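Structure first, commentary second.
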Amino acid sequence: MAMAELPKARFSIGQVVRHRVFGYRGLIFDVDPFFSSSADWYEDAMAARHQDCGPQKNSPWYHVMVDGADHVIYVAERNLMASEKSDDPIQHPLVPEFFTSRQPGQYSRRSPQN
5 MAMAELPKAR FSIGQVVRHR VFGYRGLIFD VDPFFSSSAD WYEDAMAARH QDCGPQKNSP
65 WYHVMVDGAD HVIYVAERNL MASEKSDDPI QHPLVPEFFT SRQPGQYSRR SPQN
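Structure (structure tokens):
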């Protein structure tokens with residue numbers, strides 16, 4: 005039996021993105037090929053924002069460090085867009101744990117510790 009093909013992510017780990025609705029910048033530190041949180045989380049988080057239909061669960065979702073904040077978000081691909089290239093670094097306490105160097109719009113992943 006053939007396995008279903010996973011959706012292709014438009015964005016990658018280390019990429020700087022902007023939220024389409026709320027406008028904040030963020031840094032992707034993990035990608036899920038499809039929604040991977042609980043049904044309760046989806047219903048609670050999406051109910052207030054998307055009365056008609058929430059983001060699809062069968063498309064990529066991203067774990068994003070929010071610039072200028074201490075929290076991370078879990079966001080559907082349709083709500084993200086590539087951020088303009090900027091020399092301004094992402095200000096988040098987790099950046100040094102996941103990434104080493106950066107170029108405008110892209111961070112390099114830290115190698116796993118052996």
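Under this note's numbering, the first residue of the sequence shown is numbered 5, with each subsequent residue one higher. A virtual CB, placed ideally from N, CA and C, is assigned to each residue, including glycine. Everything numeric in this text was worked out from a predicted model, so none of it was measured.
Give the straight-line distance between the Cα atoms of R114 and Q107, rounded to the nearest whole angstrom. For R114 and Q107, the gap between their C-alpha atoms comes out near 14 Å.
Proximity to E101 [Cα-Cα], best of A80, K12, L31, S63: L31
Taking DSSP as the reference, what is the three-state secondary structure of R82? helix
What residue does the beta strand (DSSP E) around V25 start on, and which one ends it? In the DSSP assignment, V25 falls outside any beta strand (DSSP E), carrying neither H nor E.
Where F103 sits in the DSSP three-state scheme: strand
Measuring only the C-alpha atoms, how far is R24 from M85? Using only the alpha carbons, I get a separation of about 6 Å.
Which residues in the same chain have their Cβ closer than 7 Å to the Cβ of F103, if we skip the five residues on either side of it in sequence? G18, Y111, S112, R113, R114
What is the DSSP secondary structure of S112, reduced to helix, strand or coil? DSSP places S112 in the strand class (E or B) of the three-state scheme.
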